[in-house]
Each structure stands twice: as structure tokens, then as C-alpha cells.
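This note's numbering puts the first residue of the sequence shown at 5, with every later residue one more than the last. Ideal placement from N, C-alpha and C gives every residue a C-beta, glycine not left out. Computed from a prediction, not measured in an experiment: that's the story for all the values here. Report on the structure given below.
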Amino acid sequence: MSDVKELVIIGSGPAGHTAAIYAARANLRPFMFEGYVTGGPAGGQLTTTTEVENFPGFPEAVEGPELMRLFRKQSARFGTEMVGEDVSEVDFSKRLFTVKSESRGVKTKAVIIATGATARRMGVPNEEKMWNNGISACAVCDGALPFFRNQPLMVIGGGDTAVEEATYLTKFGSVVYLVHRRDELRASKIMQKRALENEKIEIMWNTVLEDAVGEQFVTGAQVKNVKSMEVKEIPVAGIFYAIGHTPNTQAFKGQIDLDESGYIKVKEGTQETSVEGVFAAGDVQDHKYRQAVTAAGSGCAAALEAERWLATQA
Ligand code: NDP
Numbered sequence: 005m006s007d008v009k010e011l012v013i014i015g016s017g018p019a020g021h022t023a024a025i026y027a028a029r030a031n032l033r034p035f036m037f038e039g040y041v042t043g044g045p046a047g048g049q050l051t052t053t054t055e056v057e058n059f060p061g062f063p064e065a066v067e068g069p070e071l072m073r074l075f076r077k078q079s080a081r082f083g084t085e086m087v088g089e090d091v092s093e094v095d096f097s098k099r100l101f102t103v104k105s106e107s108r109g110v111k112t113k114a115v116i117i118a119t120g121a122t123a124r125r126m127g128v129p130n131e132e133k134m135w136n137n138g139i140s141a142c143a144v145c146d147g148a149l150p151f152f153r154n155q156p157l158m159v160i161g162g163g164d165t166a167v168e169e170a171t172y173l174t175k176f177g178s179v180v181y182l183v184h185r186r187d188e189l190r191a192s193k194i195m196q197k198r199a200l201e202n203e204k205i206e207i208m209w210n211t212v213l214e215d216a217v218g219e220q221f222v223t224g225a226q227v228k229n230v231k232s233m234e235v236k237e238i239p240v241a242g243i244f245y246a247i248g249h250t251p252n253t254q255a256f257k258g259q260i261d262l263d264e265s266g267y268i269k270v271k272e273g274t275q276e277t278s279v280e281g282v283f284a285a286g287d288v289q290d291h292k293y294r295q296a297v298t299a300a301g302s303g304c305a306a307a308l309e310a311e312r313w314l315a316t317q318a
């Protein structure tokens, strides 16, 4: 039983690393599965973005991958053990808990899940080529980049995120096309009103994105009206996906309570899941704010709760 861990942290974005920093400083010697493929690379969603201008402490902005390198360095400095593997299976039905990756099975007293969420993609033919070259899944992260300034832009989706992002992009773009597959927005009434009243937002109803146009960077979007079946090309410099996120909870199904969208349910005002000793932090339990700084905050809370809970188990 020598290899029993006090705390396993699953995930290596802002939530996972903040939890690790707090837990390591509390002498819990956290063991982190950083992830590898599921839910994107180690470091999470920030590693696939460019400039981060809204993380406090970086007044001149910081590149997403660099920010995550610093998070990781800080976790390592306090003794977090890390492996670059995906968790494939867990057993939370009995203590000690078991957390398994392809190459190892780890027994642990407590777990913090911080596996994040993955922005859904459309899967259009040029998507891979144009990703970060005009296609983005985060207007708040990328919208202010110079090559979008005073250019026509496009947002795909009809939910609150799509409306919020379209509204945000009107600060930079000359016009923002909001492309929605139906004739009614899913967004809340107040958000809808905001979009409909904004002169710079042009809603394209019953319309789907067929492809991104361009050589190296996006120069246009090929869209199809699903009623008339008319296909046309709209000149745009940026296409922003806002078609929702999928929480990375595949490995936890049947082990802890998830909501109807697959997000981990936490008890109000805490980071506790339905299993005592298992905590959740970051986007995997938050579809509302989804910011690096809120993820980090919940990672801190999860570590403090885990530490207190472990103390009661001694
Ligand atoms: P939602 O799931 O609410 O909306 C996704 C939108 O994308 C829908 O309009 C959907 O269309 C469309 N969509 C999905 N898949 C495709 C596809 N393959 N092709 C084209 N369109 C597609 O996600 P959100 O991210 O907008 O919101 C998630 C949650 O977060 C919600 O509960 C929301 O209320 C909340 N939120 C709250 C905010 C706030 O309060 N300020 C801000 C942002 C989000 P369809 O409608 O046809 O299904």
C-alpha cells in the first residue's frame, strides 16, 4: 500500500494546476494526470489560444501556452508529480478510489476532477487548416486581434454565447453576421433583444456554415440557407464558433452525478461532487463563466476542501 496517494488531480488547465499548487503547499503531494488527447493537450484550452489579456497580473497580455507553462512550473516547484496521460477509467464506488490510465492504476484517498470542456467544432472541410488563422472558438479570447479590426466577422450559433460573442465582436468588426441554423434564437430574451437591437449585428436565419474560404487566412465563409438551399460566399476575416461546449466527463459517467448536459454537479457553494472525497473544479463543472481566472479560483477552493476533508479522515 506504499503507493497510495493522498490526492489525485485529473486535468492540467488553470483549475487543475491551481488545485495542485494549493495542495502541494499543504504537503498533500498531489499526483496529476495531465491529460494528453481527450479534451485537448496538457494545459487545456489556453494552450490553443493566442494572447490572453484578461488574466490578472499580466497587464501586457500573455500567450496562452506561456501562461500554462508558468502554471505548470509553479505546480512542479512545490512538488506536484505529473504524468502526461489521459485517465480512461475510475472507480469511486469504494475507498481507496482507483484512477486508471492506459499504463497505470493509482489508488488515492481523494480526487479533484478538472478535466475541462471542449468547444464543439463544426467539422467543415477547411477547419483544421484555418484553426487560429481566422477560425476561433472564443471571441472573448481572440476578437481583439489586429487582423479582425474593422473587418466583417461571423459568429455561428444561436445561444447565449453566440449572442454575447457577436455583441462583443461589434467593438472590433465592421459588421458581425450571426449565423443560426433555425429561425429562432435559443438565447435568453434579454440577450436576443441585445442582438436584434444592435445595428452592427446582422442575423442570418436558417443558415449553416458549409466551409471557410481562404488560402492561409480566412477571407470568407460559404454558407447555405437550409430553406431555400441557396449557397453563397460572404467575405469575412473571422469565423467564431459558439455552438456550445462538451464537458470532458466521459471517464466519470456512472461514477458521479452529472447534469443533463454532462457537466459534473457540485453542491451549491462548494466544489463537492456526489461522492464524498471527490471534488470538481473549472469548466467541467461550470458552463456559465468558463474563464481561466474563475477556473483557477474554483481549483483553489477544491484543494482547500480536499485538504479539510482529508484531515477529517485521518
Ligand atoms: P447552447 O447549447 O445554449 O447553444 C448552442 C447554440 O449552437 C444553439 O443555438 C444551437 O442551435 C447551435 N448549434 C449547436 N450545434 C450546432 C451545429 N452543429 N451547427 C450549427 N449550430 C449549432 O450553448 P451556449 O454556449 O450558448 O450556452 C451554454 C450555457 O451557458 C447555456 O445554459 C447558456 O444560457 C449559458 N450562458 C450564459 C451566459 C450568460 O448568462 N451571460 C453567457 C453564455 C452562456 P439550436 O438552437 O438549433 O440547438
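Check, Outcome
"Cα-Cα separation between Asn31 and Leu11, rounded to whole angstroms", "10 Å"
"In chain order, each beta strand (DSSP E) run of at least 3 residues that lies wholly inside the segment 99-149", "101-105, 109-117, 121-123"
"C-beta contact flag for Lys121 and Thr274 at 8 Å", "Before going on, a small fix: residue 121 reads as Ala here, not Lys. Result no, Cβ atoms of Ala121 and Thr274 do not sit closer than 8 Å."
"Distance cut-off 7 Å: Met126 Cβ against heavy atoms of the ligand NDP", "yes"
"Cα-Cα separation between Ala315 and Val159, rounded to whole angstroms", "48 Å"
"Val212 Cβ short of 7 Å to the ligand NDP heavy atom set", "yes"
"Beta carbon of Val212 nearer than 8 Å to that of Lys197", "no"
"Delimiting residues of the beta strand (DSSP E) encompassing Leu11", "9-14"
"Residues that DSSP places opposite Glu276 in a beta bridge", "Phe283"
"The ligand NDP heavy atom lying under 7 Å from the CB of Ile160", "yes"
"From Cys145, Ala170, Val180, Pro60, residue whose alpha carbon lies closest to that of Pro156", "Val180"
"Validate contact between the segment 302-315 and the segment 275-294 using beta carbons, cut 8 Å, 3 pairs", "yes"
"Supposed contact pair Gly15 and Gly44 - C-beta distance, whole angstroms, cut 8 Å", "That belief does not hold up - the Cβ atoms of Gly44 and Gly15 are roughly 10 Å apart, past 8 Å."
"Secondary structure of Met72, DSSP reduced to three states", "helix"
"Opening and closing residue of the beta strand (DSSP E) in which Gln226 lies", "224-229"
"N-terminal and C-terminal residue of the alpha helix (DSSP H) that Ala242 is part of", "A small correction: the amino acid at residue 242 is Gly; Ala does not occupy that position in the sequence shown. Where Gly242 is concerned, there is no enclosing alpha helix (DSSP H), although the beta strand (DSSP E) it sits in stretches over 242-245."
"Heavy atom of the ligand NDP within 7 Å of Asp164 beta-carbon", "yes"
"Runs of beta strand (DSSP E) lying entirely within the segment 179-224, each at least 3 residues, in chain order", "179-183, 205-208, 211-217"
"Neighbourhood of Val66 by C-beta, 6 Å cutoff - its chain only, sequence neighbours within 5 removed", "Val56"
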